[in-house]
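Okay, so here's the structure we're looking at.
In the working numbering, the protein residues as written are 283 to 481.
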């Protein structure tokens, strides 16, 4: 099952969400054991299989080195922008320029969706990875880009979509990463106080 399905991500965001999280940096331990980091785009062959499975690569050929590096650069630039505090994103021109440059190899064209009738951006000339760029622009257009965040836990860094009304979530999961952060803070505070601090 894709992460977008596991976390019930809206269809109009699902491809972007899965692409950003194709680099899984989670390394925490939970009841299921130790989670090991994994890069679904680790090699050109793996990237081809992953992109093809997600409808982002239609060619029968394996990605060449250039296409592969373009895909990795787009993912890295996307993750870099998402990692910036939403209130500061518009001020980080460098990160936005890197995203602009990384998106350049994935041109889009205007199309009309039949049902319901509406204009949409589509990949040009079968360059399916451009769908990620189209979904990113759609998020920006709707004013929801600030809801796309990276988990504040250093052991996680999972990209998540903040559905809360105030959009103030810091962790992908308050039960998992949020609780771990609270326990860590409690233990750190306890160690700082020392054994004779109870009065």
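Backbone N, C-alpha and C define an ideal beta-carbon position, used for all residues, glycine too.
Exposed unless 16 or more other CB atoms sit within 10 angstroms - verdict on residue i
i           : result
residue 435 : buried
residue 338 : buried
residue 351 : exposed
residue 479 : Any reading at residue 479 is ruled out, since the residue's pLDDT is 46, under 50, leaving its predicted position unreliable.
residue 447 : exposed
residue 313 : exposed
residue 287 : exposed
residue 311 : exposed
residue 464 : exposed
residue 359 : buried
residue 333 : buried
residue 481 : With a pLDDT of 41 at residue 481, under the threshold of 50, the predicted position of this residue should be treated as unreliable, though the coordinate-derived value follows. Exposed, because fewer than 16 other Cβ atoms sit within 10 Å of the Cβ of residue 481.
residue 406 : exposed
residue 384 : buried
residue 439 : buried
residue 298 : buried
residue 430 : buried
Closest residue to residue i among the options (Cα-Cα distance)
i           : options               : result
residue 304 : 290, 289 and 329      : 329
residue 309 : 437, 446 and 441      : 437
residue 335 : 384, 401, 301 and 289 : 301
residue 386 : 326, 283 and 353      : 353
residue 322 : 348, 311, 433 and 285 : 285
residue 416 : 426, 425, 427 and 404 : 404
residue 378 : 388, 356 and 324      : 356
residue 307 : 333, 441 and 460      : 441
residue 380 : 449, 340 and 361      : 361
residue 412 : 327, 349, 326 and 443 : 349
residue 382 : 425, 428, 414 and 325 : 414
residue 459 : 427, 443, 449 and 433 : 433
residue 426 : 390, 461, 410 and 369 : 369
Beta bridge counterpart(s) of residue i as assigned by DSSP
i           : result
residue 344 : In the DSSP output, where bridge partners are listed per residue, residue 344 has none listed.
residue 405 : 390
residue 395 : 400
**Request:** Taking only runs that begin and end inside the region 288-341, name each unbroken alpha helix (DSSP H) of 4 or more residues, in chain order.
**Result:** 293-302 and 326-335
**Asked** Would the region 447-461 and the region 385-395 be scored as touching if the rule is three or more Cβ pairs under 8 Å?
**Response** No contact exists between the region 447-461 and the region 385-395.
**Message:** My parser needs the beta strand (DSSP E) runs of 3 or more residues fully inside the region 421-467; what are they?
**Reply:** Fully enclosed beta strand (DSSP E) runs of 3 or longer: 430-432 and 441-443.
**Segment contact flag, the region 315-333 with the region 366-374, C-beta cutoff 8 Å, min 3 pairs** = no
**Message:** For the region 291-311 against the region 407-426, do three or more pairs of beta-carbon atoms, one drawn from each stretch, fall closer than 8 Å, so that the two count as touching?
**Reply:** Taking a cut-off of 8 Å on C-beta distances, the region 291-311 touches the region 407-426, as three or more cross pairs fall below it.
**Inter-stretch contact (C-beta, 8 Å, three-pair minimum) for the region 361-371 and the region 342-350** = no
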